[in-house]
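Novice:
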Amino acid sequence: PLQAEKIRNVYNVADELGRKFGKHALHLGSSHPIDTLGRGRRGNPTVREQTRLKGETRRRHLSLPLLHVKT
Numbered sequence: 003p004l005q006a007e008k009i010r011n012v013y014n015v016a017d018e019l020g021r022k023f024g025k026h027a028l029h030l031g032s033s034h035p036i037d038t039l040g041r042g043r044r045g046n047p048t049v050r051e052q053t054r055l056k057g058e059t060r061r062r063h064l065s066l067p068l069l070h071v072k073t
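Numbers given in my numbering equal positions in the sequence shown, counted from 1, plus 2.
1) Using a 10 Å radius around the Cβ and a threshold of 16 neighbouring Cβ atoms, would you call ARG50 buried or exposed?
2) Quick check on DSSP: helix, strand or coil for GLY57?
3) Tell me the DSSP secondary structure of GLY31 in three-state form.
4) Between LEU28 and the rest of its own chain, which residues show a CB-CB distance below 7 Å, the 5 nearest in sequence each way excluded?
5) If you run the structure through DSSP and keep just helix, strand and coil, what is LYS22?
6) Expressed to the nearest angstrom, what Euclidean distance is found between the alpha-carbon atoms of THR48 and LYS72?
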């Protein structure tokens, strides 16, 4: 199928870029605003950066906002 070929090409290019520039050089563009705008005031870590979810380590920390909502 044509769709599978296109996806395979995307993965091949991503693998090639990872080998050339390192595995953390390529990331999903839709999550870029969260990474750049999610910083605290004056560069201080936000509450979410200081909070670890179950199973997270310092290196495997998800860069997702933490919504404080009463349920």
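Note that the Cβ used here is the ideal one computed from N, Cα and C, for glycine as well.
From a predicted model like this one, the values you see are computed outputs, not experimental measurements.
Specialist: On the basis of the supplied data:
1) As a first step, residue 50 is located in the sequence shown; it is residue number 48 there, counting from the start. With 16 or more other Cβ atoms within 10 Å, it is buried.
2) As a first step, residue 57 is located in the sequence shown; it is residue number 55 there, counting from the start. Of the three classes helix, strand and coil, the one that applies to GLY57 here is coil, per DSSP.
3) As a working mapping, residue 31 is identified with position 29 in the sequence shown. Three-state DSSP puts GLY31 in a helix.
4) In the sequence shown, the residue the question calls residue 28 occupies position 26. Result list for LEU28: ALA16, LEU19, GLY20, in chain order.
5) As a position in the sequence shown, residue 22 is number 20, starting the count at 1. Helix.
6) Locating residue 48 in the sequence shown gives position 46, counting from the first residue. Locating residue 72 in the sequence shown gives position 70, counting from the first residue. Distance between the alpha carbons of THR48 and LYS72: 20 Å.
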